[in-house]
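**Q** First the structure, then my questions, so here it is.
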Amino acid sequence: MDTILFFKKCKKLQDGLEQNLELIEFGCFDNKVEYYEKCLMAIDIVIREIKLMISDFDFSTAADEIYFFKNLKPLFISQFIYYSKLLSMEAAKPNAGQKSLKEYYSGELEMIKSFYREHIDFYQYYRINATFLDQKYFIRNQFDIKMKLKSGMYDYDEKFATSHDPIVAQILANDRLEKYLLKSIKESEEHVYQKLTDQSSLTWSASKVSLIELIYALYHMHCFNGGNIELSEVIKSVEKFLNTDLGNFHKTIFEIRNRKQGPTKFLHLITDNLNQHFMNREGE
21 MDTILFFKKC KKLQDGLEQN LELIEFGCFD NKVEYYEKCL MAIDIVIREI KLMISDFDFS
81 TAADEIYFFK NLKPLFISQF IYYSKLLSME AAKPNAGQKS LKEYYSGELE MIKSFYREHI
141 DFYQYYRINA TFLDQKYFIR NQFDIKMKLK SGMYDYDEKF ATSHDPIVAQ ILANDRLEKY
201 LLKSIKESEE HVYQKLTDQS SLTWSASKVS LIELIYALYH MHCFNGGNIE LSEVIKSVEK
261 FLNTDLGNFH KTIFEIRNRK QGPTKFLHLI TDNLNQHFMN REGE
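In terms of my numbering, the sequence shown opens at residue 21 and continues consecutively.
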């Protein structure tokens, strides 16, 4: 296989992978974990295929080898890094409100910044599209013992890795992760803002005892969620919607139950008032 054909096959695999990922997203739009897992499986299949292709392939020039490890391979590996991180974040994110979620995403964003600080020299080299060190960074078996490399380099497949193509892949993945995290932080801030500002303009102007009597009557008629809800939750919802505080409603209900004039004073008043209203309308 010549180099041109090799690059064409890589491009075909890349295009096919992008289409496959779109189909997976469409089929798993309501299940993030399933979506990320299926994406990782699809990416892994393609990476294995590329690895097999290159195992018995010799680049005709150093420039071709540099191009593959600097520009092509990182496209595939960065996809795997990206979806792996999304999966781990989805599994570990807190379920304790939007404020905690914002702090969690901010912490993940700080980890990306730490990566950039750790690799600042190469990061600047890559961002300005420099090439004068490409022979060291993107040619296989060119590891300089004086270069700052991670201990994991000893475990790398020498036929499928250079010293810095994994860092390029991480940079590409981080670019996408940074956008995802900034978007998630913004959404959490907007959610908190909506919670603070999304208040009803209605206020309860009768007595709180009357409101509790009404809520309790409706609650026992299973008027809320078909009866599948706790009274305390109904009270909280009504308090929020009507901008009021009903205090110790259990004590109030006990007092209503033991009233001398009967427990349905307000309900009778509503009935009498509504009947009177309809009777007056009939006479018009």
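Where a beta carbon is used, it is the ideal one built from N, C-alpha and C, also for glycine.
Residue 115 by DSSP, collapsed to three states: which one?
**A** Taking the first residue of the sequence shown as 1, we reach residue 115 at position 95. DSSP places residue 115 in coil when its eight states are reduced to three.
**Q** Rounded to a whole number of angstroms, what is the C-alpha to C-alpha distance between residue 298 and residue 243?
**A** Stepping through the sequence shown from its first residue, residue 298 is reached at position 278. Stepping through the sequence shown from its first residue, residue 243 is reached at position 223. Taking the straight line from one Cα to the other gives about 24 Å.
**Q** Am I right that residue 231 and residue 266 are in contact with their C-beta atoms under 8 Å? What's the rounded C-beta distance?
**A** For this step, residue 231 is matched to residue 211 along the sequence shown. For this step, residue 266 is matched to residue 246 along the sequence shown. That belief holds up - the Cβ atoms of residue 231 and residue 266 are roughly 7 Å apart, short of 8 Å.
**Q** Name the residue from 82, 85, 206 whose alpha carbon lies nearest to the alpha carbon of residue 119.
**A** Start at 1 with the first residue of the sequence shown, and residue 119 comes out as number 99. Closest by alpha carbon: 206.
**Q** Can residue 24 and residue 82 be called in contact, C-beta distance under 8 Å?
**A** Reading the sequence shown from its first residue, position 4 is the one you call residue 24. Reading the sequence shown from its first residue, position 62 is the one you call residue 82. No.
**Q** How far does the alpha helix (DSSP H) with residue 178 in it reach, from first residue to last?
**A** Here residue 178 refers to the residue found at position 158 when the sequence shown is read from its first residue. That residue, residue 178, is in no alpha helix (DSSP H); it is neither H nor E in DSSP.
**Q** Taking just the CA atoms, how far does residue 121 sit from residue 136?
**A** As a working note, residue 136 is residue 116 in the sequence shown. As a working note, residue 121 is residue 101 in the sequence shown. Taking the straight line from one Cα to the other gives about 23 Å.
**Q** Helix or strand or just coil, what does DSSP make of residue 173?
**A** Residue 173 sits at position 153 when you count from the first residue of the sequence shown. Below a pLDDT of 50, predicted positions are generally treated as unreliable, and residue 173, at 44, falls in that range; no measurement from the model is reported.
**Q** Using DSSP with H/G/I as helix, E/B as strand and the rest coil, what is residue 83?
**A** Translated into positions along the sequence shown, residue 83 becomes position 63. Residue state, collapsed to three classes: helix.
**Q** Quick check on this structure: which residue in 156, 204, 284 has the alpha carbon closest to the alpha carbon of residue 109?
**A** Within the sequence shown, numbered from 1, the residue matching residue 109 stands at position 89. If we check each option's Cα against that of residue 109, 204 comes out closest.
**Q** Assign residue 292 to buried or exposed, taking buried as 16 or more other Cβ atoms, counted over all protein chains shown, within 10 Å of its Cβ.
**A** Position 272 of the sequence shown, counting from 1, holds the residue named residue 292. Burial call: exposed.
**Q** Quick check on this structure: which residue in 104, 281, 301, 76 has the alpha carbon closest to the alpha carbon of residue 62?
**A** Along the sequence shown, read from residue 1 onward, the residue named residue 62 stands at position 42. The shortest Cα separation from residue 62 among 104, 281, 301, 76 belongs to 104.
**Q** How many angstroms separate the CA atom of residue 286 from the CA atom of residue 245?
**A** Sequence index remark: in the sequence shown, residue 286 carries index 266 (1-based). Sequence index remark: in the sequence shown, residue 245 carries index 225 (1-based). Residue 286 and residue 245: Cα-Cα distance of roughly 24 Å.
**Q** Using a threshold of 8 Å, state whether the C-beta atoms of residue 142 and residue 70 are closer than that.
**A** Within the sequence shown, the letter at position 122 stands for residue 142. Within the sequence shown, the letter at position 50 stands for residue 70. Cβ atoms of residue 142 and residue 70: not closer than 8 Å.
**Q** Using the Cα positions of residue 202 and residue 250, report the straight-line distance between them to the nearest angstrom.
**A** Start at 1 with the first residue of the sequence shown, and residue 202 comes out as number 182. Start at 1 with the first residue of the sequence shown, and residue 250 comes out as number 230. The alpha-carbon atoms of residue 202 and residue 250 are separated by roughly 38 Å.
**Q** Looking at the secondary structure, which residues open and close the alpha helix (DSSP H) in which residue 75 lies?
**A** To locate residue 75, count along the sequence shown from 1; it is residue 55. Here the alpha helix (DSSP H) through residue 75 covers 52-75.
**Q** Less than 8 Å between the CB atoms is what I'm expecting for residue 107 and residue 57, so what's the real figure, rounded?
**A** Residue numbering aside, residue 107 sits at position 87 when the sequence shown is read from its first letter. Residue numbering aside, residue 57 sits at position 37 when the sequence shown is read from its first letter. Right, the Cβ-Cβ distance comes to about 7 Å (below 8 Å), so this counts as a contact.
**Q** Quick one: using the 10 Å Cβ neighbour count with 16 as the cut-off for buried, is residue 75 buried or exposed?
**A** Counting from 1 along the sequence shown, the entry for residue 75 is found at position 55. Exposed, by the Cβ-count rule.
**Q** Look at the Cβ atom of residue 102, then the Cβ atom of residue 196, and state whether they are nearer than 8 Å.
**A** Working through the sequence shown from its first residue, we reach residue 102 at position 82. Working through the sequence shown from its first residue, we reach residue 196 at position 176. Cβ distance < 8 Å, so residue 102 and residue 196 count as in contact.
**Q** Can you have a look at residue 148 and say buried or exposed, based on whether 16 or more other CB atoms are within 10 angstroms of its CB?
**A** Sequence index remark: in the sequence shown, residue 148 carries index 128 (1-based). So residue 148 ends up on the exposed side.
**Q** For residue 65, count the other beta carbons within 10 Å of its own beta carbon; 16 or more makes it buried, fewer makes it exposed. Which is it?
**A** The sequence position of residue 65 within the sequence shown is 45, counting from 1. It is exposed - the Cβ of residue 65 has fewer than 16 other Cβ atoms within 10 Å.
**Q** Relative to the alpha-carbon of residue 116, which residue among 43, 208, 50 has its alpha-carbon at the smallest distance?
**A** As a working note, residue 116 is residue 96 in the sequence shown. Out of 43, 208, 50, 208 has the C-alpha closest to the C-alpha of residue 116.
**Q** Counting along the chain, where does the alpha helix (DSSP H) carrying residue 27 start and finish?
**A** Taking the sequence shown and counting its residues from 1, the one referred to as residue 27 is at position 7. Run containing residue 27: 23-47, per the alpha helix (DSSP H) assignment.
**Q** Between the beta-carbon of residue 161 and the beta-carbon of residue 178, is there less than 8 Å?
**A** As a working note, residue 161 is residue 141 in the sequence shown. As a working note, residue 178 is residue 158 in the sequence shown. Their beta carbons are under 8 Å apart, which means residue 161 touches residue 178 by this criterion.
**Q** Would you tell me roughly how many angstroms separate the C-alpha atoms of residue 172 and residue 138, rounded to the nearest one?
**A** Taking the first residue of the sequence shown as position 1, residue 172 is located at position 152. Taking the first residue of the sequence shown as position 1, residue 138 is located at position 118. With a pLDDT of 45 at residue 172, under the threshold of 50, the predicted position of this residue should be treated as unreliable, though the coordinate-derived value follows. Rounded to whole angstroms, residue 172 to residue 138 spans 16 Å at the Cα level.
**Q** Report yes if the C-beta distance between residue 154 and residue 113 is below 8 Å; otherwise report no.
**A** Stepping through the sequence shown from its first residue, residue 154 is reached at position 134. Stepping through the sequence shown from its first residue, residue 113 is reached at position 93. Contact flag unset, no.
**Q** State the DSSP-derived secondary structure class of residue 281, mapped to helix, strand or coil.
**A** The sequence position of residue 281 within the sequence shown is 261, counting from 1. DSSP places residue 281 in coil when its eight states are reduced to three.
**Q** Does DSSP put residue 101 in a helix, a strand or coil?
**A** What you label residue 101 is simply residue 81 of the sequence shown in a count that begins at 1. Residue 101: helix per DSSP, three-state reduction.
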